[in-house]
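Residues in the sequence shown are numbered consecutively from 9, following this note's numbering.
Beneath this line is the structure, given in structure tokens, with notes to follow.
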Amino acid sequence: MDNLKDDLNDVVSRVRKFALSVLDGQPIRLYDAASTYLTSGGKKLRPFLVIKSCEMFAGNEEKALPAAAAVELIHNFSLIHDDIMDNDDIRHGISTVHKKYGLPIALIAGDILFSKAFQVLSLGGKKKSHDDTIIAEMNRILSTACVHVCEGQGLDIQMASSTKIPTIDEYLGMIRKKTASLFEVSCALGVLCSAEPFVGNVDNLSKFGRFTGIAFQLIDDLIGVTGDPKLTGKAVGNDIREGKKTYPILLALEHADTNKREKIMKVFGFKGANRDYVEDAVYAISSLNIEEEVRRTAHDNMIKAFESIKSYNETSAKNALVSSAKFIVERSL
């Protein structure tokens, strides 16, 4: 796992440098706002998937840098808008963009990140000598992924505002769009930047990204409920207080008896809930073996991801993709 972290840090450093180079303009305040999350924390897994998917098919990092940067710019656009919608104050241990720069600048910062992503994909692709057909296809699949992310966010908002508790299938359908779409397109873009941009390769790596993305969100959901506040920087049971209808909470409500369900619902969506009541709710969820079930479902998706690339030769790039999926499923932060 240490090798993965070193590899990830090396790749991320170069992608970040490239992405920041395209966020250099006037007015400075706008570009500073747009660059905020690029220079803060975060795992930066999506651009790593772009690079390694490219290298898996005899491609090189240099050719994939514009696509990797484009994915990271889109992700940062979505983070800024997510924070606005959730009215969050902190991300990665720093003030959110709208809290630091104000709502108008934050909105435009998100917009320019979105716009720059397609600019860098097109112009950067030209500079890296990608065929016009490949550039057009990269723009097509990234724009489609963006549509899916927005639709997923819309479904999430709809679920949050409804008094109805969504079904497990409804929730999984939402995260398939909102989260997994960007993982999926990351892998597909990497293949298109490679020396073997064939349909079969694109399809297989897209599946790898999709299942890895679903696993990522499931573990994220788990951390939001049972994560250690010392690691997450958030209060215990944060997602329960926030009333978020995430996978572990939906499972808990489905499996809980009347007593445990009452303990969960007593603090669900109540941000000012007494700490003891919140801890009771977290304990009720933990007693249902929800963590094991969530991790098992995430693991099942990881296995599906591995199945999609098992026919390919063992290479350092393939091993890096496998290690990244394992890291996603095993992490506690």
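Where a beta carbon is used, it is the ideal one built from N, C-alpha and C, also for glycine.
The model shown is predicted, which means the values in this text are computed figures rather than measured ones.
Below 9 Å between beta carbons: does that hold for Glu69 and Val128? no
The segment 33-45 / the segment 96-109 touching (three or more Cβ pairs under 8 Å): yes
Under 8 Å, with one C-beta from each stretch per pair, do the segment 304-311 and the segment 207-225 reach the 3-pair mark? yes
Reference Ile143; option with closest CA among Val58, Gly132 and Asp40: Gly132
So, using beta-carbon positions, are Gly162 and Glu192 closer together than 9 Å? no
Where Val58 falls, given that 16 or more other Cβ within 10 Å makes a residue buried: buried
So, are the CB atoms of Gly208 and Lys60 less than 9 Å apart? no
Using the Cα positions of Lys13 and Ile248, report the straight-line distance between them to the nearest angstrom. 31 Å
Determine the DSSP secondary structure at Arg339, reduced to helix, strand or coil. coil
Boundaries (first-last residue) of the alpha helix (DSSP H) holding Phe278: Looking at the DSSP string, Phe278 is not in any alpha helix (DSSP H), and its letter there is neither H nor E.
With a threshold of 16 other CB atoms inside 10 Å of the CB of Ser29, please say whether the residue is buried or exposed. exposed
Given a cut-off of 9 Å, decide if Ser202 and Phe65 are closer than it, judged by their beta-carbon atoms. yes
Here's the rule: buried if 16 or more other CB atoms are within 10 angstroms of the residue's CB, otherwise exposed. What is Arg218? buried
Per-residue DSSP class, three states only, for Ile98: strand
Taking the alpha helix (DSSP H) that His106 belongs to, which residues open and close that run? Val105 to Tyr109
Going by DSSP in three states, Ser319 sits in which element: helix, strand or coil? coil
Spatial neighbours of Ala7 in its chain, beta-carbon cut-off 8 Å, leaving aside the 5 residues before and after: There is no way to answer for residue 7, as the model of the chain reaches only from 9 to 341.
Is Ala313 helix, strand or coil when you go by DSSP? helix
With H, G and I counted as helix, E and B as strand and the rest as coil, what does DSSP make of Asp308? helix
The ligand NAP heavy atom lying under 8 Å from the CB of Ser43: With respect to small molecules bound, the structure shown includes none, and the ligand NAP cannot be examined in it.
CA-CA distance, Met310 and Glu299? 16 Å
Tell me whether the beta-carbon of Ile173 lies closer than 9 Å to the beta-carbon of Leu261. yes
So within the segment 132-199, which uninterrupted alpha helix (DSSP H) runs reach at least 4 residues, ignoring any that extend past its ends? 140-169 and 176-186
Less than 6 Å between C-beta atoms, sequence neighbours within five positions excluded: which residues of the same chain meet that for Phe122? Phe85
At what residues does the alpha helix (DSSP H) containing Gln225 begin and finish? Val207 to Thr234
Asp284 beta carbon less than 9 Å from that of Ile257: no
Take Ser189 and list the residues in its own chain whose beta-carbon comes closer than 6 Å to its own, dropping the five residues that flank it on each side. Ala153, His156 and Val157
For Thr254, which of helix, strand or coil comes out of DSSP? coil
Please return the same chain residues whose Cβ sits closer than 7 Å to the Cβ of Lys326, not counting the five positions on each side in sequence. Met64, Ile317 and Tyr320
Does Lys252 pass the burial test, meaning 16 or more other C-beta atoms within 10 Å, or should it be called exposed? buried
What does the Cβ neighbour count give for Phe206, buried or exposed, with the cut at 16 atoms within 10 Å? exposed
With a threshold of 16 other CB atoms inside 10 Å of the CB of Met146, please say whether the residue is buried or exposed. buried
So within the segment 33-70, which uninterrupted alpha helix (DSSP H) runs reach at least 4 residues, ignoring any that extend past its ends? 36-43 and 53-63
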